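Q: Quick note on numbering: the sequence shown equals residues 1 to 111 in our numbering.
Glycine included, every Cβ here is placed at the ideal spot set by N, Cα and C.
Keep in mind it's a predicted model, so treat the numbers as computed, not measured.
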Amino acid sequence: MIPGGGQPNMQQLLQQAQQMQQDLARAQEELAATEVDGQAGGGLVKATVTGSGELRGLVIDPKAVDPEDTETLADLVVAAVQAANENAQQLQQQKLGPLAQGLGGMPGLPF
Numbered sequence: 001m002i003p004g005g006g007q008p009n010m011q012q013l014l015q016q017a018q019q020m021q022q023d024l025a026r027a028q029e030e031l032a033a034t035e036v037d038g039q040a041g042g043g044l045v046k047a048t049v050t051g052s053g054e055l056r057g058l059v060i061d062p063k064a065v066d067p068e069d070t071e072t073l074a075d076l077v078v079a080a081v082q083a084a085n086e087n088a089q090q091l092q093q094q095k096l097g098p099l100a101q102g103l104g105g106m107p108g109l110p111f
């Protein structure tokens, strides 16, 4: 129920929605600037991605390089990137989860 039995204050609702949008944009910017790591093969391959999932770096220990077995190296690279992306998704949930929930009740927003 709305106190006083009146209609919801549309101006106030719009201001709240704008504030949530600003908070969401700020959180997305923070994610794009934050780097997280993932590794595979006991640290033989390390990948660095941004919180938004952009691959920024890849370090391969020379011990992981076997010219006779490039498939294992490829698997390690894929696993390291996947681990880094999983860490980025967890970071996204921490940063964006509460904001997305707050926007979820707003009609017309894609959440």
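Alpha carbon to alpha carbon, how far is L73 from G38? Give it in angstroms, no decimals.
A: Mapped onto the sequence shown, residue 38 falls at position 38. Mapped onto the sequence shown, residue 73 falls at position 73. Going by the C-alpha atoms only, they are around 15 Å apart.
Q: Determine contact between the segment 15-24 and the segment 35-50, defined as no fewer than three beta-carbon pairs at a distance below 8 Å.
A: No: the two stretches stay apart, fewer than three of their Cβ pairs being nearer than 8 Å.
Q: Assuming L44 and L76 form a contact by the criterion Cβ under 8 Å, report the distance between their Cβ atoms to the nearest whole angstrom.
A: Residue numbering aside, residue 44 sits at position 44 when the sequence shown is read from its first letter. Residue numbering aside, residue 76 sits at position 76 when the sequence shown is read from its first letter. About 6 Å; that satisfies the 8 Å criterion.
Q: For D75, name the three-state secondary structure that DSSP assigns.
A: Taking the first residue of the sequence shown as position 1, residue 75 is located at position 75. Three-state DSSP puts D75 in a helix.
Q: For a minimum of 3 consecutive residues, which ranges assigned as the beta strand (DSSP E) are wholly contained in the segment 23-60?
A: 35-40, 45-50 and 55-60
Q: If A80 sits next to K46, beta carbons under 8 Å apart, how far is it from one beta carbon to the other, in whole angstroms?
A: Position 80 of the sequence shown, counted from the start, is the residue given in the question as residue 80. Position 46 of the sequence shown, counted from the start, is the residue given in the question as residue 46. The pair is a contact, with the Cβ atoms about 6 Å apart (cut-off 8 Å).
Q: Does the beta-carbon of M1 have 16 or more other beta-carbons within 10 angstroms, so that it is buried, or is it exposed?
A: Reading the sequence shown from its first residue, position 1 is the one you call residue 1. Note that M1 scores a pLDDT of 47, beneath 50, so its modelled location is shaky; the value from the coordinates is reported in the next line. Label assigned to M1: exposed.
Q: Given that a residue counts as buried once 16 or more other Cβ atoms are within 10 Å of its Cβ, and exposed if not, what is V65?
A: Locating residue 65 in the sequence shown gives position 65, where the first residue counts as 1. Exposed is the call here.
Q: Do you know whose CA, among A17, L14 and L58, lies nearest Q82's CA?
A: The sequence position of residue 82 within the sequence shown is 82, counting from 1. When each option's Cα is compared against that of Q82, the closest is L58.
Q: Within its chain, find whatever has a CB closer than 7 Å to the CB of A84; leave out the 5 residues flanking it on each side and keep chain order.
A: Here residue 84 is taken as the residue at index 84 of the sequence shown, counted from 1. So the qualifying residues of the chain are V36, D37, G38, A47, T48 and V49.
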